[in-house]
Structure formats: C-alpha cells, structure tokens
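Asks: Take a look at this one; I'll ask things after.
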Amino acid sequence: MSEDVNEYGADLLDDMEEDAPVNRLNNSHPDGADTIVSPRSVRDRPGRLTTEGNITLHTRQAHKLFYGRRAEPQKKIFPVVGLVRFASNVGSIWAASEADDPYADLALIEIEHEFEDAEKVLAQYAKSLDNLLANEVDGINVSVMHSAKPVVLDLQFFSPWSYQGARLLAKYDKLVLKCLTAKHVGLMFDEDWERVVVRSGTRIRAMFQRSQFWRATGVTRNDIAANNQVAQRAEEIYAKHLQQMLVMPDDVLRGEKRARMAPKVKPAQPLEQHG
Numbered sequence: 000m001s002e003d004v005n006e007y008g009a010d011l012l013d014d015m016e017e018d019a020p021v022n023r024l025n026n027s028h029p030d031g032a033d034t035i036v037s038p039r040s041v042r043d044r045p046g047r048l049t050t051e052g053n054i055t056l057h058t059r060q061a062h063k064l065f066y067g068r069r070a071e072p073q074k075k076i077f078p079v080v081g082l083v084r085f086a087s088n089v090g091s092i093w094a095a096s097e098a099d100d101p102y103a104d105l106a107l108i109e110i111e112h113e114f115e116d117a118e119k120v121l122a123q124y125a126k127s128l129d130n131l132l133a134n135e136v137d138g139i140n141v142s143v144m145h146s147a148k149p150v151v152l153d154l155q156f157f158s159p160w161s162y163q164g165a166r167l168l169a170k171y172d173k174l175v176l177k178c179l180t181a182k183h184v185g186l187m188f189d190e191d192w193e194r195v196v197v198r199s200g201t202r203i204r205a206m207f208q209r210s211q212f213w214r215a216t217g218v219t220r221n222d223i224a225a226n227n228q229v230a231q232r233a234e235e236i237y238a239k240h241l242q243q244m245l246v247m248p249d250d251v252l253r254g255e256k257r258a259r260m261a262p263k264v265k266p267a268q269p270l271e272q273h274g
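All letters in the sequence shown, in the order written, are residues 0 to 274 by numbering that gives the first Met the number 0.
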C-alpha cells in the first residue's frame, strides 16, 4: 500500500485499481465531504435503513385476511394467502426482480394489476356506502360501528408492495364497518352484503394469491438469452407448477416493461478470478 495513504483512506483502496492515482483528500473525506468536518465523522455512516409500523383492525373479516388460512385437505379446506404470507412472498419476488429475474418482473406486473383492480372496487363501494349512510337515515345521526377492542398488529416489511397490501386491508376493514352499520340500521340486505363485502375481499385475496405463482429459480435475463441450464430448469419448474408453459411477453423479457413500483436492477457482479 502506498505510504501516501492515511489511516482513514486505507479501506477505500480495496475498491480501486492498483495503478489509480491516490487522492489524499478524497480518501480522508469520502463522498466529497467538506474538509471543515472531521474525517472520522464522515466515515461513521448511517447503517441499513428499516421501518416499522402497525395496523389497527376492527373486523373479523379483515383479521382473517391478515393471517390467512392453512389448508386442510382432509376437510377439503383450501388455503387462503393472507397479508403475512403475501409479504413474505412479495419480498422474495422484489429481491429477485432486483437481481434481473424476468419472471419476478412479470409477477410484480400482475400483482400491480390486481392491486389497481382491488383499490378501484374498494373505492367505489366505500363511496356508495358513504352516500347511503349520509342520505338514507332521515333525522338520525348514525356513527359507523367500531370494535370495542380493536387489534393492533405490527408491520415490518421488506417490500413496498407489502405495505400496499396492508393499505388495502385497512380500507377493507373500514368498508366492512360501514357495511355492518348499514345492515344494522336496515339499509343493507344479505344479497348486498355478499356483493360488497365478499367481492371486495375476493379482490384483495386475488392480489395476495398472485404472489404464489412466482418460483425462486435464480434465473436472470442473461441466462435466458444464453438458454443455459439455469434458464431451462426455470422453464421446467414453471411448467410443472402451472401445469402449462408460461408465456413470457417479449417486452417483459427485454426489461422494457416493468411494474411502476419495481426495484432498480442491480448489475451482475463479475466472478472473481483465481489462479
């Protein structure tokens, strides 16, 4: 190591070429920091960012969608993907999309479509219920129902799509409360309940369920272009999982079409040369 490098710049040289000129100022004050500050304070950088939150649920319908349901084949009970499993699935999909997996990009596009559909349905029903409760209860002020003991559940997700799923669930919870209120005062009948509550819940379930179609294969666009063993194995995995060949749209395969909310693709790291 060059004797011109001070103690603060030594670790920065690991990422430099051996014949690159050494700039003592850049090494002592990385990131182009003003020299008025202490070099040590510049090197003491913030750690990995994280976020936490919570969601408050009042209804059993929303609570069930948070945790989902396990399968019980002997009773012919099918599984329901809840927010918790969706968050786990979409976190893996997000990481794979970041690694240039076109199948992950396709999954995010499909999840985005389901999200937009569910959000539209929830908004339409919420507006209808607001108008119903405001205009049809003549002479009576009716407050929307709420739980005497709502449940507060912690959220700590990796992917922003997980939080979008939580947003939908919170909106669904409020919608169910409005429906319960309308039913309690005689403004909603069983067939209305089925149409509003069941259909809107089904749209959210469709979004959560969409995350189940993706499979971790480690494939990248470069693998598919080379038609190597990784790409061929990925095709076999999806064919077996979906019981049919998955048709990959050309614009998705080329990376030209991605979900509006998708991670930036990280460049592949070159393999280390040994010898």
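For each residue, glycine too, the CB sits at the ideal point set by N, CA and C.
Hey, is TYR237's beta-carbon within less than 8 Å of any beta-carbon in chain C?
Replies: Judged by its chain identifiers, the structure shown contains no chain C, having just a single protein chain.
Asks: Quick one: Cα of PHE85 to Cα of SER91, how far?
Replies: Each residue's alpha carbon lies about 10 Å from the other.
Asks: Can you tell me which of MET247, PRO248, VAL195 puts its alpha carbon nearest to the alpha carbon of LEU128?
Replies: Checking every option, the nearest Cα to that of LEU128 belongs to VAL195.
Asks: Using beta-carbon positions only, say whether ILE76 and ALA258 come within less than 8 Å of one another.
Replies: In this structure, ALA258 does not lie closer than 8 Å to ILE76 by Cβ.
Asks: Can you tell me which of ALA117, VAL89, VAL229 puts its alpha carbon nearest to the alpha carbon of PHE156?
Replies: Cα-wise, what sits closest to PHE156 is VAL89.
Asks: Find the nearest neighbour of GLN242 within the set ARG253, GLY254, PHE212, judged by alpha-carbon distance.
Replies: Cα-wise, what sits closest to GLN242 is PHE212.
Asks: Which runs of the beta strand (DSSP E) fall wholly inside the region 156-228 and span at least 3 residues, in chain order?
Replies: Qualifying beta strand (DSSP E) stretches: none in this window.
Asks: If you reduce the DSSP assignment to three classes, tell me which class VAL150 lands in.
Replies: Strand.
Asks: Can you give me the C-alpha to C-alpha distance between VAL218 and ALA70, rounded to a whole angstrom?
Replies: Cα to Cα, VAL218 sits roughly 30 Å from ALA70.
Asks: May I ask you to report which of helix, strand or coil DSSP gives VAL246?
Replies: Note: VAL246 maps to coil in three-state DSSP.
Asks: With 16 other CB atoms within 10 Å as the buried threshold, where does VAL184 fall?
Replies: The residue in question, VAL184, is exposed, as its Cβ has fewer than 16 Cβ neighbours within 10 Å.
Asks: Which residues mark the beginning and the end of the alpha helix (DSSP H) in which GLY52 is found?
Replies: Segment 52-56 is the beta strand (DSSP E) holding GLY52; no alpha helix (DSSP H) there.
Asks: Return yes when at least one heavy atom of the ligand SAM lies under 7 Å from the C-beta of GLN211, else no.
Replies: For the structure depicted, the ligand SAM is absent and the ligand set is empty, with no information on it obtainable.
Asks: What residues in its chain sit with their C-beta under 8 Å from that of LEU168, if we drop five residues either side in the sequence?
Replies: Hits under 8 Å: ILE54, LEU56, ALA61, LEU64, PHE65, LEU82, ILE203.
Asks: Would you kindly work out how many angstroms separate the C-alpha atoms of PRO20 and ALA94, rounded to a whole number?
Replies: Only weak support is given to the placement of PRO20: the predicted model assigns it a pLDDT of 46, under 50, and the question is left unresolved by the model.
Asks: In whole angstroms, what is the alpha-carbon distance linking ASN227 and LYS148?
Replies: Looking at the two C-alpha atoms, the distance is approximately 56 Å.
Asks: Suppose contacts are defined by Cβ-Cβ distances below 8 Å. Is ASP153 in contact with GLU51 by that definition?
Replies: Cβ distance < 8 Å, so ASP153 and GLU51 count as in contact.
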